[in-house]
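4 is the number of the first residue of the sequence shown in this note's numbering; add one for each residue after it.
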Amino acid sequence: MLIREFPGLSKDPRRLEGGVLATGYMIGSIAIDAPEGVQYENPSIILITHEHCDHIAGLTYSNVPYAASKFTADAIVGRREEATLCGHLGIRIPDRNPKAILTEGQILKEEGFSLEVIETPGHSEGSLCFYCKEEKTLFSGDTVFGDYSLPALALPTSNPAKLLDSYEKLLKYEIKAFCPGHGGKFSKENYVRELLPRLKELTLV
Ligand SMILES: [Zn+2]
4 MLIREFPGLS KDPRRLEGGV LATGYMIGSI AIDAPEGVQY ENPSIILITH
54 EHCDHIAGLT YSNVPYAASK FTADAIVGRR EEATLCGHLG IRIPDRNPKA
104 ILTEGQILKE EGFSLEVIET PGHSEGSLCF YCKEEKTLFS GDTVFGDYSL
154 PALALPTSNP AKLLDSYEKL LKYEIKAFCP GHGGKFSKEN YVRELLPRLK
204 ELTLV
């Protein structure tokens with residue numbers, strides 16, 4: 004009810020074919036991630052889940068302040084084309100400084116809901132998830148996808164062992180619904196526990 008999604012938008016066919024348009028979400032007045040569609044929203048702040056270009060590209064078209072992990076903020080401000088994947092996809096890194104750095108355990112309180120910051124490196128070094136206790140919903144960025152696929156783990160700052168630690172951490176939360184960075188909201192209780200065996204197999208190789 005509080006939560007709705009907004010799409011990434013692009014007229015660039017390379018990006019559509021590459022499937023790199025992320026999904027953003029609005030919860031109250033907060034935007035989660037900045038795919039290009041964020042320019043048509045009117046959030047008070049944008050919380051970035053991680054440094055990849057499809058999640059930050061909209062910062063170029065929006066003046067709304069953003070907050071991110073230190074790694075993500077440094078990647079944007081330091082114009083790190085490899086870490087952001089902007090170089091690969093020919094996307095300009097937004098020229099924006101963060102309003103705030105987000106760290107583990109911070110709780111952002113809003114009217115009627117709160118969001119807890121959870122550091123979840125693995126898919127990328129700067130990855131965060133945001134947990135809404137009132138809705139028992141996790142804004143998972145690219146840390147957890149629907150459809151039982153694991154996130155990409157061969158990118159420049161990926162680390163499967165760290166993702167395993169991040170999944171173990173997420174098991175402590177009562178999560179009834181996920182808002183992933185690709186696709187839309189879905190409800191699957193204990194979903195992270197179901198993904199774990201596959202990730203464990205991967206990290207043993
Ligand atoms: Zn990503």
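From the three backbone atoms N, C-alpha and C, an ideal C-beta is built for every residue, glycine too. Note that the structure is a prediction, hence the values are computed from the model and not measured.
Check: beta-carbon SER212 near ligand 1 non-hydrogen atom, thresh 8 Å; Outcome: What is shown of the chain runs 4 to 208, which leaves residue 212 out entirely.
Check: ALA86 - DSSP class collapsed to helix/strand/coil; Outcome: helix
Check: Start and end residues, alpha helix (DSSP H) containing VAL80; Outcome: 73 to 80
Check: GLY184 beta carbon near ligand 1 (any heavy atom closer than 8 Å); Outcome: yes
Check: Coil, strand or helix - PRO183 by DSSP; Outcome: strand
Check: Beta strand (DSSP E) segments (min. 3 residues) lying fully within the segment 123 to 171; Outcome: 131 to 135 and 140 to 144
Check: Sub-9 Å separation of LEU202 and TYR151 beta-carbons; Outcome: no
Check: Heavy atom of ligand 1 within 8 Å of ASP209 beta-carbon; Outcome: The structure shown does not extend to residue 209, since the chain spans only 4 to 208, so no value can be given for it.
Check: Cα-Cα separation between TYR43 and GLU84, rounded to whole angstroms; Outcome: 26 Å
Check: Where THR106 falls, given that 16 or more other Cβ within 10 Å makes a residue buried; Outcome: exposed
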